[in-house]
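Below: the structure, in C-alpha coordinates.
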Amino acid sequence: CGETWNLPPCNSSFVHPSPRLVNATSKENESFISIKISLFVSTLLIFAIVGVIFLFKHKARNLQTETRRARNGDLFSIWNYDGKVAYEDIIQITEDFDIKYCIGTGGYGSVCKAELPGGHVVALKKLHSFESEDPIYAKSFRNEVQMLTHVRHRNIVKLHGFCFNKRCMFLVYEYMERGSLACLLGNDAEAVELDWVKRVDAIKGIAQALEYMHHHCNPAIVHRDVSTNNVLLNSKLQAIVSDFGTARLLYPDSSNRTLLVGTYGYVAPELAYTMEVTEKCDVYSFGVVALEIIMGKHPRELISTLSSSTTKDILLKDVLDPRLPPPLDELVVRDVTFVTSLALTCLHSNPRNQPCKRLSRN
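Residue 192 in the UniProt record's numbering sits at position 192 of the sequence shown, with consecutive numbering throughout.
Here it is as C-alpha coordinates:
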(Lines of atoms letter the chains of each structure in order from A and count residues from 1; the text may use other names and numbers.)
(Lines give C-alpha, C1' and ligand atoms only; values in the text may rest on other atoms or scores of the structure.)
Protein backbone atom coordinates (compact mmCIF):
# COMPACT_ATOMS: atom_id res chain seq x y z
CA CYS A 1 0.00 0.00 0.00
CA GLY A 2 1.05 3.66 -0.16
CA GLU A 3 1.31 6.17 -2.90
CA THR A 4 1.84 3.66 -5.66
CA TRP A 5 0.15 3.36 -9.00
CA ASN A 6 -3.21 1.52 -8.94
CA LEU A 7 -3.03 0.97 -5.18
CA PRO A 8 -5.34 2.60 -2.68
CA PRO A 9 -3.86 4.86 -0.01
CA CYS A 10 -3.06 3.18 3.31
CA ASN A 11 -5.20 3.76 6.37
CA SER A 12 -3.20 5.76 8.83
CA SER A 13 -4.54 3.69 11.76
CA PHE A 14 -2.72 0.61 10.44
CA VAL A 15 0.49 2.36 9.76
CA HIS A 16 0.66 4.04 13.14
CA PRO A 17 -1.14 1.91 15.80
CA SER A 18 -2.32 3.64 18.91
CA PRO A 19 -0.28 3.34 22.16
CA ARG A 20 -3.31 1.86 23.93
CA LEU A 21 -3.44 -1.09 21.47
CA VAL A 22 0.31 -1.76 21.85
CA ASN A 23 0.08 -1.84 25.64
CA ALA A 24 -2.87 -4.25 25.52
CA THR A 25 -1.00 -6.63 23.22
CA SER A 26 2.11 -6.62 25.43
CA LYS A 27 0.06 -7.40 28.51
CA GLU A 28 -1.63 -10.31 26.74
CA ASN A 29 1.77 -11.72 25.72
CA GLU A 30 3.13 -11.40 29.24
CA SER A 31 0.06 -13.10 30.66
CA PHE A 32 0.36 -15.94 28.14
CA ILE A 33 4.05 -16.45 28.98
CA SER A 34 3.29 -16.41 32.71
CA ILE A 35 0.57 -19.02 32.23
CA LYS A 36 2.96 -21.26 30.25
CA ILE A 37 5.66 -20.96 32.91
CA SER A 38 3.15 -21.68 35.67
CA LEU A 39 1.85 -24.76 33.84
CA PHE A 40 5.41 -26.03 33.25
CA VAL A 41 6.42 -25.53 36.88
CA SER A 42 3.18 -27.12 38.09
CA THR A 43 3.72 -30.12 35.83
CA LEU A 44 7.27 -30.59 37.10
CA LEU A 45 6.07 -30.26 40.67
CA ILE A 46 3.33 -32.83 40.12
CA PHE A 47 5.80 -35.29 38.56
CA ALA A 48 8.22 -34.74 41.45
CA ILE A 49 5.48 -35.36 44.03
CA VAL A 50 4.30 -38.49 42.21
CA GLY A 51 7.90 -39.75 41.99
CA VAL A 52 8.53 -39.20 45.69
CA ILE A 53 5.26 -40.95 46.59
CA PHE A 54 6.17 -43.87 44.32
CA LEU A 55 9.61 -44.24 45.89
CA PHE A 56 8.21 -44.17 49.41
CA LYS A 57 5.55 -46.73 48.53
CA HIS A 58 8.15 -48.94 46.83
CA LYS A 59 10.45 -48.83 49.86
CA ALA A 60 7.55 -49.42 52.22
CA ARG A 61 6.41 -52.37 50.13
CA ASN A 62 9.91 -53.88 50.13
CA LEU A 63 10.25 -53.40 53.87
CA GLN A 64 6.84 -54.93 54.44
CA THR A 65 7.73 -57.87 52.20
CA GLU A 66 11.03 -58.45 54.01
CA THR A 67 9.33 -58.25 57.38
CA ARG A 68 6.61 -60.63 56.24
CA ARG A 69 9.19 -63.04 54.87
CA ALA A 70 11.17 -62.92 58.08
CA ARG A 71 8.11 -63.53 60.21
CA ASN A 72 6.99 -66.32 57.90
CA GLY A 73 10.34 -68.01 58.32
CA ASP A 74 11.99 -67.30 54.98
CA LEU A 75 15.43 -68.81 55.58
CA PHE A 76 17.39 -66.29 53.58
CA SER A 77 15.77 -63.30 55.27
CA ILE A 78 17.55 -64.29 58.46
CA TRP A 79 20.73 -62.86 56.97
CA ASN A 80 19.09 -59.42 56.74
CA TYR A 81 18.46 -59.06 60.47
CA ASP A 82 20.54 -59.00 63.62
CA GLY A 83 18.75 -62.07 64.99
CA LYS A 84 15.80 -60.47 66.77
CA VAL A 85 13.13 -61.28 64.20
CA ALA A 86 14.56 -64.72 63.44
CA TYR A 87 14.94 -65.42 67.13
CA GLU A 88 11.28 -64.68 67.86
CA ASP A 89 10.17 -66.93 65.01
CA ILE A 90 12.41 -69.81 66.06
CA ILE A 91 11.39 -69.52 69.70
CA GLN A 92 7.72 -69.78 68.75
CA ILE A 93 8.24 -72.71 66.38
CA THR A 94 10.40 -74.76 68.77
CA GLU A 95 8.49 -73.70 71.90
CA ASP A 96 11.67 -72.19 73.34
CA PHE A 97 13.80 -75.15 72.17
CA ASP A 98 11.62 -77.73 73.89
CA ILE A 99 13.26 -81.14 74.31
CA LYS A 100 10.70 -82.79 72.02
CA TYR A 101 12.34 -81.00 69.08
CA CYS A 102 15.84 -82.14 70.05
CA ILE A 103 17.46 -84.63 67.66
CA GLY A 104 20.98 -84.64 69.11
CA THR A 105 23.21 -83.28 71.85
CA GLY A 106 26.90 -82.67 72.31
CA GLY A 107 29.43 -80.79 74.38
CA TYR A 108 28.58 -77.58 72.51
CA GLY A 109 24.82 -77.78 73.09
CA SER A 110 21.94 -79.37 71.22
CA VAL A 111 20.53 -79.78 67.71
CA CYS A 112 16.82 -79.28 67.14
CA LYS A 113 14.61 -79.97 64.15
CA ALA A 114 12.17 -77.23 63.16
CA GLU A 115 9.63 -76.89 60.36
CA LEU A 116 9.16 -73.27 59.38
CA PRO A 117 5.78 -71.93 58.20
CA GLY A 118 7.00 -71.84 54.61
CA GLY A 119 7.52 -75.61 54.73
CA HIS A 120 11.31 -75.51 55.09
CA VAL A 121 12.69 -78.07 57.54
CA VAL A 122 15.92 -76.92 59.18
CA ALA A 123 18.34 -78.05 61.85
CA LEU A 124 19.16 -75.61 64.64
CA LYS A 125 22.52 -75.93 66.36
CA LYS A 126 22.06 -74.14 69.67
CA LEU A 127 24.81 -73.46 72.18
CA HIS A 128 24.19 -73.94 75.88
CA SER A 129 23.38 -70.69 77.66
CA PHE A 130 26.54 -70.83 79.77
CA GLU A 131 28.64 -71.52 76.66
CA SER A 132 27.28 -68.47 74.87
CA GLU A 133 28.99 -66.37 77.55
CA ASP A 134 32.30 -68.20 77.16
CA PRO A 135 34.69 -66.34 74.81
CA ILE A 136 36.09 -69.65 73.51
CA TYR A 137 32.70 -70.96 72.42
CA ALA A 138 31.72 -67.56 71.07
CA LYS A 139 34.89 -67.58 68.96
CA SER A 140 34.08 -71.08 67.70
CA PHE A 141 30.57 -69.92 66.82
CA ARG A 142 31.83 -66.93 64.84
CA ASN A 143 34.44 -69.13 63.21
CA GLU A 144 31.83 -71.56 61.92
CA VAL A 145 29.73 -68.72 60.54
CA GLN A 146 32.77 -67.19 58.84
CA MET A 147 33.79 -70.46 57.22
CA LEU A 148 30.41 -71.56 55.94
CA THR A 149 29.31 -68.13 54.72
CA HIS A 150 31.74 -68.36 51.79
CA VAL A 151 31.66 -72.13 51.19
CA ARG A 152 29.47 -73.60 48.45
CA HIS A 153 29.79 -77.32 47.73
CA ARG A 154 27.27 -80.13 47.38
CA ASN A 155 29.10 -82.24 49.98
CA ILE A 156 29.40 -79.46 52.57
CA VAL A 157 26.46 -78.56 54.79
CA LYS A 158 24.61 -75.36 53.87
CA LEU A 159 24.35 -72.60 56.47
CA HIS A 160 21.10 -70.66 56.01
CA GLY A 161 21.45 -68.18 58.85
CA PHE A 162 22.35 -67.58 62.47
CA CYS A 163 21.38 -65.73 65.61
CA PHE A 164 24.04 -64.20 67.80
CA ASN A 165 22.93 -62.12 70.76
CA LYS A 166 23.04 -62.13 74.55
CA ARG A 167 19.88 -64.19 74.87
CA CYS A 168 20.82 -67.06 72.60
CA MET A 169 23.23 -68.28 69.92
CA PHE A 170 22.24 -70.76 67.25
CA LEU A 171 23.03 -71.70 63.65
CA VAL A 172 20.39 -72.53 61.04
CA TYR A 173 21.44 -75.44 58.81
CA GLU A 174 19.82 -77.48 56.10
CA TYR A 175 18.26 -80.56 57.67
CA MET A 176 19.88 -83.94 56.99
CA GLU A 177 17.19 -86.62 57.13
CA ARG A 178 19.40 -89.62 57.97
CA GLY A 179 21.48 -88.03 60.70
CA SER A 180 25.17 -88.68 61.24
CA LEU A 181 27.23 -91.38 59.56
CA ALA A 182 28.31 -92.63 62.99
CA CYS A 183 24.71 -93.23 64.08
CA LEU A 184 23.83 -95.07 60.88
CA LEU A 185 26.87 -97.36 61.02
CA GLY A 186 26.09 -98.07 64.66
CA ASN A 187 22.60 -99.32 63.80
CA ASP A 188 22.59 -102.81 62.27
CA ALA A 189 19.23 -102.34 60.56
CA GLU A 190 20.20 -99.03 58.96
CA ALA A 191 23.81 -99.93 58.16
CA VAL A 192 22.75 -102.50 55.55
CA GLU A 193 21.01 -99.72 53.61
CA LEU A 194 24.46 -98.32 52.94
CA ASP A 195 25.54 -100.93 50.38
CA TRP A 196 29.00 -101.05 48.83
CA VAL A 197 28.15 -98.67 46.00
CA LYS A 198 26.72 -96.10 48.43
CA ARG A 199 29.72 -96.52 50.75
CA VAL A 200 32.16 -95.86 47.93
CA ASP A 201 30.09 -92.84 46.87
CA ALA A 202 30.10 -91.55 50.46
CA ILE A 203 33.89 -91.81 50.61
CA LYS A 204 34.17 -90.02 47.26
CA GLY A 205 31.84 -87.26 48.49
CA ILE A 206 33.96 -86.64 51.59
CA ALA A 207 37.12 -86.61 49.47
CA GLN A 208 35.58 -84.07 47.07
CA ALA A 209 34.55 -81.82 49.96
CA LEU A 210 38.07 -81.87 51.39
CA GLU A 211 39.60 -81.26 47.96
CA TYR A 212 37.37 -78.21 47.56
CA MET A 213 38.41 -76.87 50.97
CA HIS A 214 42.11 -77.55 50.48
CA HIS A 215 42.57 -76.58 46.84
CA HIS A 216 39.65 -74.41 45.72
CA CYS A 217 39.28 -72.05 48.68
CA ASN A 218 41.62 -69.10 49.10
CA PRO A 219 42.98 -69.23 51.71
CA ALA A 220 42.71 -72.99 52.11
CA ILE A 221 40.44 -74.36 54.85
CA VAL A 222 41.46 -77.22 57.14
CA HIS A 223 38.50 -78.80 58.93
CA ARG A 224 40.55 -80.30 61.81
CA ASP A 225 37.70 -82.49 63.06
CA VAL A 226 36.73 -84.86 60.26
CA SER A 227 34.94 -87.81 61.86
CA THR A 228 31.86 -89.96 61.26
CA ASN A 229 30.04 -87.81 63.83
CA ASN A 230 30.66 -84.76 61.65
CA VAL A 231 29.60 -86.42 58.40
CA LEU A 232 25.85 -86.22 57.85
CA LEU A 233 23.65 -88.15 55.42
CA ASN A 234 20.74 -86.77 53.44
CA SER A 235 17.68 -88.70 52.27
CA LYS A 236 19.72 -90.26 49.43
CA LEU A 237 22.48 -91.33 51.86
CA GLN A 238 24.90 -88.85 50.30
CA ALA A 239 27.72 -87.73 52.61
CA ILE A 240 27.74 -84.10 53.78
CA VAL A 241 30.66 -82.70 55.81
CA SER A 242 29.51 -80.54 58.74
CA ASP A 243 30.63 -78.87 61.99
CA PHE A 244 33.23 -76.25 61.09
CA GLY A 245 33.61 -74.90 64.62
CA THR A 246 37.30 -75.82 64.77
CA ALA A 247 38.13 -75.18 61.11
CA ARG A 248 41.20 -73.12 60.34
CA LEU A 249 42.20 -70.87 57.44
CA LEU A 250 45.71 -71.48 56.18
CA TYR A 251 47.45 -68.20 55.39
CA PRO A 252 50.72 -68.79 53.49
CA ASP A 253 52.68 -66.05 55.25
CA SER A 254 51.54 -66.68 58.82
CA SER A 255 52.15 -69.24 61.54
CA ASN A 256 49.81 -72.22 61.45
CA ARG A 257 50.71 -73.57 64.87
CA THR A 258 47.74 -74.13 67.16
CA LEU A 259 46.37 -76.06 70.10
CA LEU A 260 45.40 -79.69 69.61
CA VAL A 261 41.74 -80.03 68.65
CA GLY A 262 39.60 -82.75 67.09
CA THR A 263 37.97 -86.04 68.02
CA TYR A 264 40.00 -88.75 69.72
CA GLY A 265 40.75 -91.57 67.30
CA TYR A 266 40.65 -89.31 64.24
CA VAL A 267 43.44 -86.81 65.01
CA ALA A 268 46.70 -87.14 63.09
CA PRO A 269 49.45 -88.41 65.46
CA GLU A 270 51.98 -85.78 64.34
CA LEU A 271 49.75 -83.00 65.68
CA ALA A 272 50.55 -84.12 69.21
CA TYR A 273 54.16 -82.95 68.87
CA THR A 274 54.23 -80.50 65.94
CA MET A 275 51.04 -78.54 66.70
CA GLU A 276 51.21 -77.39 63.09
CA VAL A 277 48.03 -77.35 61.05
CA THR A 278 48.30 -78.55 57.45
CA GLU A 279 46.00 -80.25 54.96
CA LYS A 280 47.57 -83.55 56.03
CA CYS A 281 45.63 -83.30 59.31
CA ASP A 282 42.41 -83.79 57.34
CA VAL A 283 44.02 -86.42 55.11
CA TYR A 284 44.73 -88.66 58.11
CA SER A 285 41.23 -88.16 59.50
CA PHE A 286 39.78 -88.95 56.08
CA GLY A 287 41.67 -92.24 56.08
CA VAL A 288 40.14 -93.20 59.42
CA VAL A 289 36.62 -92.27 58.27
CA ALA A 290 37.02 -94.11 54.95
CA LEU A 291 38.14 -97.29 56.71
CA GLU A 292 35.30 -96.95 59.20
CA ILE A 293 32.83 -96.80 56.32
CA ILE A 294 34.33 -99.95 54.75
CA MET A 295 34.63 -101.86 58.03
CA GLY A 296 31.41 -100.62 59.61
CA LYS A 297 33.27 -99.75 62.82
CA HIS A 298 36.19 -97.62 63.96
CA PRO A 299 39.47 -99.20 62.74
CA ARG A 300 41.38 -98.60 65.99
CA GLU A 301 42.76 -102.15 66.19
CA LEU A 302 43.81 -102.11 62.55
CA ILE A 303 45.51 -98.72 62.97
CA SER A 304 47.50 -99.97 65.95
CA THR A 305 48.91 -102.82 63.84
CA LEU A 306 49.87 -100.65 60.87
CA SER A 307 53.13 -99.56 62.51
CA SER A 308 54.29 -103.17 62.84
CA SER A 309 53.00 -104.46 59.50
CA THR A 310 52.64 -103.31 55.93
CA THR A 311 49.43 -102.72 54.05
CA LYS A 312 50.37 -105.62 51.77
CA ASP A 313 49.70 -108.02 54.64
CA ILE A 314 46.08 -106.83 54.96
CA LEU A 315 43.47 -108.81 53.04
CA LEU A 316 40.35 -107.10 51.71
CA LYS A 317 38.04 -109.74 53.15
CA ASP A 318 39.39 -109.00 56.62
CA VAL A 319 38.32 -105.35 56.55
CA LEU A 320 34.88 -105.61 54.93
CA ASP A 321 31.78 -104.96 57.04
CA PRO A 322 30.43 -108.48 57.81
CA ARG A 323 26.87 -107.16 57.89
CA LEU A 324 26.97 -106.81 54.10
CA PRO A 325 27.49 -109.64 51.60
CA PRO A 326 30.89 -109.39 49.89
CA PRO A 327 30.84 -107.39 46.65
CA LEU A 328 30.63 -109.59 43.55
CA ASP A 329 30.45 -107.10 40.71
CA GLU A 330 33.91 -106.60 39.21
CA LEU A 331 33.65 -102.81 39.10
CA VAL A 332 32.39 -102.63 42.68
CA VAL A 333 35.20 -104.90 43.88
CA ARG A 334 37.70 -102.66 42.10
CA ASP A 335 36.28 -99.49 43.67
CA VAL A 336 36.12 -100.98 47.17
CA THR A 337 39.68 -102.24 46.85
CA PHE A 338 40.90 -98.86 45.62
CA VAL A 339 39.27 -96.74 48.37
CA THR A 340 40.51 -99.21 51.01
CA SER A 341 44.06 -98.95 49.68
CA LEU A 342 43.78 -95.14 49.57
CA ALA A 343 42.50 -95.05 53.15
CA LEU A 344 45.42 -97.16 54.37
CA THR A 345 47.86 -94.85 52.58
CA CYS A 346 46.30 -91.84 54.33
CA LEU A 347 47.06 -93.49 57.69
CA HIS A 348 50.79 -93.77 57.09
CA SER A 349 52.71 -92.72 60.19
CA ASN A 350 54.91 -90.40 58.11
CA PRO A 351 52.84 -87.54 56.65
CA ARG A 352 55.28 -87.30 53.73
CA ASN A 353 54.14 -90.75 52.60
CA GLN A 354 50.49 -89.80 52.68
CA PRO A 355 48.77 -88.85 49.40
CA CYS A 356 50.08 -85.45 48.36
CA LYS A 357 47.77 -85.14 45.37
CA ARG A 358 44.13 -84.22 45.56
CA LEU A 359 42.14 -86.95 47.27
CA SER A 360 39.29 -87.10 44.77
CA ARG A 361 41.77 -87.24 41.87
CA ASN A 362 43.35 -90.28 43.53
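All residues carry an ideal CB built from backbone N, CA and C; glycine is no exception.
- Residue pairing of V111 in beta bridges, as defined by DSSP: G104, K125.
- Here the segment 142-161 makes contact with the segment 239-250; the two share three or more CB pairs at distances below 8 Å.
- Along the segment 276-360, the alpha helix (DSSP H) occurs as fully enclosed runs of 4 or more residues at 279-295, 300-306, 330-346, listed in sequence order.
- Bounds of the beta strand (DSSP E) holding H160 are 159-164.
- Collapsing the DSSP output to three states places A272 in a helix.
- When secondary structure is reduced to three states using DSSP, Y173 falls in the strand class.
- In this structure, the straight-line span from the alpha carbon of I46 to that of F54 is close to 12 Å.
- Distance from L232 to G179 at the Cβ level is roughly 7 Å; contact confirmed, criterion being Cβ atoms closer than 8 Å.
- For R199, the uninterrupted alpha helix (DSSP H) segment begins and ends at 196-215.
- By the Cβ test, the segment 181-190 is in contact with the segment 290-299, since at least three Cβ pairs between them sit closer than 8 Å.
- Here V145 is not near V336, since their CB atoms are 8 Å or more apart.
- Within its own chain, the residues whose Cβ lies closer than 8 Å to the Cβ of R167, once the five positions on either side in sequence are excluded, are Y87, listed in chain order.
- Take G109, set aside five residues on each side of it, and the residues of its chain with a beta-carbon closer than 6 Å to its own are K126, L127, H128, in chain order.
- I314 is positioned such that its CB atom lies no closer than 8 Å to that of L347.
- Shown here for T263: same chain residues with a beta carbon closer than 7 Å to its own, the five before and five after excluded, namely D225, S227, N229 in chain order.
- Here H216 is exposed, its C-beta having fewer than 16 other C-beta atoms within 10 Å.
- Residue range 188-191 is occupied by the alpha helix (DSSP H) that includes A189.
- When M213, N234, V267, V288 are compared, the shortest CA-CA separation from E174 is found for N234.
- It is roughly 23 Å from the alpha-carbon of L250 to the alpha-carbon of V288.
- One Cα belongs to Q208, the other to L344, and the distance between them is close to 18 Å.
- Comparing alpha-carbon positions, the option among M275, T94, F170 lying closest to L116 turns out to be T94.
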